Amino acid sequence: MAYGAHHNPTPPPHPDLSLARDCDHCLGWGTVITRDGHHELCETCQPQTDDDDPPLQAPGPLPTQEAGHSSPHLLG
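In terms of this note's numbering, the sequence shown has 57 at position 56, counting the first letter as 1, and numbering is strictly consecutive.
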């Protein structure tokens with residue numbers, strides 16, 4: 002009986018396909034599947050970095066309150 006893929010809460014890594022194009026280890030996919038069923042970047046063709054995901058945009062500074070004005074969230 003066939004079963005569907007298990008839901009994985011983390012998305013697979015995003016390989017650079019131009020580097021993976023001629024790789025014999027991953028067959029051009031840029032990722033390999035471990036024995037545990039997880040996707041990992043191919044060690045042969047993908048450069049290793051500390052953080053494979055693009056950096057999240059940091060929120061800007063919080064607006065400051067002017068003296069004498071109350072926050073609408075504090076009004077009840």
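Don't be surprised by glycine CBs; every beta carbon is placed ideally from N, CA and C.
Please read these numbers as outputs of a predicted model, since none were measured by experiment.
Per the DSSP secondary-structure output, Thr32 pairs in a beta bridge with Leu42. Gln49 and Val33 have their alpha carbons spaced roughly 14 Å apart. Nearest Cα to Cys46 within the set His15, Thr11, Pro12 and Asp23: Asp23. Under the 10 Å beta carbon count, Leu42 is surrounded by 16 or more other beta carbons and is classified as buried.
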